[in-house]
Amino acid sequence: MSPLEAVSRQEGAEDPVVRLSGVSKRYGGAYALNSVDFEVFPGEIHAILGENGAGKSTLVKIISGATPHDQGTLWLNGEERVFSAPAQAADAGVEMVYQESSLVESMTVAQNLFLGREKVFNRLSGLNILARELLESHNFHIRPEHAVSSLGAAQKQMVEIARAVHRKAKLVILDEPTSAVTPEERLQLFMSMQRLKRDGVGVIFISHNIEEALTEADRITVLRDGELQGTLLKEDFRRDKVISMMVGRDVEYARRPAGREADPDPVLEVEDVTLIPLVRNMSFSAHAGEIVGIAGLVGAGRSEVAMIIAGITKRRRLRGGKVRFRGREVRYRTPRQARRDGIVYITEDRKVSGFFSHLTIFENIYLGHLCGSKWLPPFYSPRERRSIGQRFVDRFSVRSLQPQLANLVEISGGNQQKVVLAKGLTRKPVVAIIDEPTRGVDVGSIEEIHEMIRDLADDGVAVVVISSYLPEIRALSDRILVARQGHVVAEFDPLEADEERLMFAAVH
Ligand SMILES: Nc1ncnc2c1ncn2[C@@H]1O[C@H](COP(=O)(O)OP(=O)(O)OP(=O)(O)O)[C@@H](O)[C@H]1O
Ligand SMILES: [Mg+2]
């Protein structure tokens, strides 16, 4: 059914806030979006789903004025528009909530809320009072006088939502709002989306979590390779249907066969590692050929301990705890030393520390490869770069319109994640600590990445997977640890660990 038919089926439908007809966008000759029809009504929550690189972000960037479209027509509130800057879209009532936050970190919450809309004589105390009222009316427990830099990912998004409401937005767009938030924060975000809906605001949200879209959205639009696959009404929402529209096949996460014998001696032993306030007496071990999953909530100290092991952060000499690699105590001063011993940490924070955004895919992979070498080669070889780059682009199925030329900023989020993995794994490591391996990655590619992680373990690598996504932890792990408030609080056999028990251990 076309979205236009969907409109006619909506009884008493008002005019859409935004409507796109036959909209296309090309990058370097290839279509990122191909003749897409789409619309959102006031008071509607409209989810967009699709694989990595399907064109979801491109679609919302066109609506929010971040990038112009090449063909087709865009109407906002019934008026035909072509935006050439986000400010124009904002003036027309379109507010984009960015995941990596468009707030000014060094200013307070209140200052950010009214940024650009200040009166001539603005008294700070008055601002704070206004801000408090605004935040409280949304049930957001955020102090207006706090600096934005002290807030977590979800809280920043909440400030942006409050700001959108203050600016009387007609359409609010959220691109993967829930990929780095705790379960409670997720609920709060959904509550604010529902509130926007009640106030008659149109909401677009992009997510890789299909369950989330099925429960929260009124309609779901699915894109694939830049083309519209269809728009579903609530009564047609079914998980398998959505997945097959997205991927073109059925997907189920394979489980790792149980009962494998790991090496008796651990390659990596972590004993009472402490770095106040985030890590407190963290202890665990990993054996060659096994996958240890560490579950927990965001902020449980898992990434921090991994960064200590990999020489990125330093622990105190006294009472900082011990890290042993193959029975020998180690304390790396730089990540490169750890890399050379064969300990790789693959970061969860890809935007900040995962890649060089203005180098190409091949250059990124090749630099990752060089970094793991014992000595640097005398010259940089374009031929080697191409061959290694191509090999790992194929192995990780990194999809981009122009693999040789595209800079990392230009490829989709999920494909950036695959490059980050490839960069860390061009050489076979001894220990691989992989932090949130599939954040922002679509269902089909999750399966591919899991397959690759299993291959690593089968190949004798000791793999530690840190993930807040419980289905992932359960599908991958030979042993599941749960971390809470800086230390490991429970260990489970994956066969006996259902999601409820894991969640209980992570929270209580
Ligand atoms: N600035 C750009 N320059 C060149 N190509 C681009 C640019 N932005 C996006 N693309 C390409 O357009 C296609 C669609 O990308 P888009 O970011 O819209 O995907 P997405 O659906 O949001 O994926 P993800 O789920 O991974 O975030 C991709 O192939 C991407 O490489
Ligand atoms: Mg995207």
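Just so we're aligned, residue 662 is where the sequence shown starts under my numbering, counting upward by one.
Even for Gly, the Cβ is constructed at its ideal location relative to N, Cα and C.
Remember, predicted model here, so these are calculated numbers, not experimental data.
Taking Cβ positions, are residue i and residue j nearer each other than 8 angstroms?
i: K1035; j: V1059; result: no
i: L795; j: H827; result: yes
i: D834; j: A708; result: Rather than Asp, the amino acid found at residue 834 in this sequence is Ile. Against a cut-off of 8 angstroms, the Cβ pair of A708 and I834 comes out as no contact.
i: G726; j: F744; result: yes
i: M943; j: V928; result: no
i: E1161; j: I1127; result: no
i: V934; j: F1016; result: no
i: L710; j: G887; result: no
i: K1026; j: A878; result: Rather than Lys, the amino acid found at residue 1026 in this sequence is Ile. No; because the gap between Cβ atoms is not below 8 angstroms, this pair is not in contact.
i: G1003; j: V1091; result: yes
i: E1112; j: M907; result: no
i: E629; j: L1163; result: Examination of residue 629 is not possible in this model, given that the chain is present from 662 through 1169 alone.
i: V940; j: S1018; result: no
i: L832; j: G754; result: yes
i: A947; j: A1167; result: no
i: G950; j: G1121; result: yes
i: L791; j: I803; result: no
i: V1104; j: I871; result: yes
i: G714; j: N1076; result: yes
Report, in whole angstroms, the separation of the C-beta atoms of residue i and residue j, which I expect to be a contact under 8 angstroms.
i: I1094; j: V1125; result: 4 angstroms
i: E756; j: A825; result: 4 angstroms
i: S840; j: R1088; result: So it is not a contact: roughly 29 angstroms between Cβ atoms.
i: I970; j: V984; result: 5 angstroms
i: G1050; j: I1072; result: With a Cβ gap of about 13 angstroms, G1050 and I1072 do not count as contacting.
i: M819; j: Q849; result: 7 angstroms
i: E821; j: S868; result: Between S868 and E821 the Cβ distance is about 17 angstroms, and since that is not below 8 angstroms, they are no contact.
i: G972; j: Q998; result: 6 angstroms
i: L889; j: V697; result: 5 angstroms
i: S853; j: H799; result: 6 angstroms
i: L936; j: T995; result: Not confirmed; about 17 angstroms, so no contact.
i: V959; j: S1138; result: Contact doesn't hold; Cβ gap of about 19 angstroms is too wide.
**Study point:** Exercise answer, beta-carbon shell around ligand 1 heavy atoms below 5 angstroms
**Key:** Y688, A693, N713, G714, A715, G716, K717, S718, T719, S1061, L1062, E1071, I1072, S1073, G1074, G1075
**Study point:** Length at least 3, wholly inside the stretch 949–1007: the beta strand (DSSP E) runs in chain order
**Key:** 952–957, 983–986, 1004–1007
Exercise for review: Report yes or no: do three or more beta-carbon pairs, one from the stretch 761–770 and one from the stretch 716–731, lie closer than 8 angstroms?
Suggested key: no
Exercise for review: Answer yes if the stretch 679–693 comes into contact with the stretch 843–856, meaning at least three C-beta pairs across the two stretches below 8 angstroms, and no otherwise.
Suggested key: no
Check your understanding: Do three or more CB pairs link the stretch 1040–1051 to the stretch 995–1014 at distances below 8 angstroms?
Key -> no
Check your understanding: How about the stretch 1108–1116 and the stretch 1142–1149: do they share at least three Cβ pairs that are nearer than 8 angstroms?
Key -> no
Practice item. Tell me the start and end of each unbroken beta strand (DSSP E) in the stretch 856–939 that is at least 3 residues and wholly inside, in chain order. Key: 863–867, 880–885, 888–894, 927–936
**Study point:** Length at least 4, wholly inside the stretch 687–773: the alpha helix (DSSP H) runs in chain order
**Key:** 717–724, 747–752
**Study point:** Length-filtered (4 minimum) alpha helix (DSSP H) runs lying within the stretch 1054–1091
**Key:** 1074–1085
Exercise for review: Would you mind listing the beta strand (DSSP E) stretches within the stretch 784–850 that are 3+ residues and don't spill past its ends, in chain order?
Suggested key: 832–836
Review point. Quick one: complete beta strand (DSSP E) runs, 3+ long, within the stretch 1097–1145?
Key: 1123–1127, 1140–1145
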